[in-house]
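Trainee: Dropping the structure in here first, questions after.
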Amino acid sequence: MSYLLAILVPPLSLLLQGRPVQAVFNGLLWFGSLLFIVFPFVAGQAGWLVAVIWAVAVVYNRRQDQRDRRLIDDALRRQGQR
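For the sequence shown, the residue numbers in the numbering used here are 390 to 471.
Set out below in structure tokens:
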């Protein structure tokens, strides 16, 4: 669900991931790109693609951080049991 949201509305996805400052800058890039897509400019499509890739990368990294935290917690718990 997070990835779909990152593709459709990147700033909202960043905001839900707990990155409000990145969401503002991504929103400016995304909204500006949507305006340029209305006109036949390639820059609008490229800007939209950058905003989407940025949001997908943040969602992926957030999930990877959660996995890493679980592994570290499990390792510390096992070390404490011995």
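The C-beta atom is built at its ideal place from N, Cα and C for all residues, glycine as well.
Mapping the DSSP letters down to three states, classify V445 as helix, strand or coil.
Mentor: Looking at V445 - three-state DSSP - the assignment turns out to be helix.
Trainee: Can you name the start and end residues of the alpha helix (DSSP H) that V427 belongs to?
Mentor: Note, V427: alpha helix (DSSP H), P409 to V427.
Trainee: What's the C-alpha gap between F414 and Y449?
Mentor: Rounded to whole angstroms, F414 to Y449 spans 19 Å at the Cα level.
Trainee: Using the rule of at least 16 other Cβ atoms within 10 Å of the residue's Cβ for burial, across every protein chain shown, is G436 buried or exposed?
Mentor: Buried is the call here.
Trainee: Compare the beta carbon distance of L403 and V447 with 8 Å and say whether it is the shorter of the two.
Mentor: Yes, these two residues count as a Cβ contact at 8 Å.
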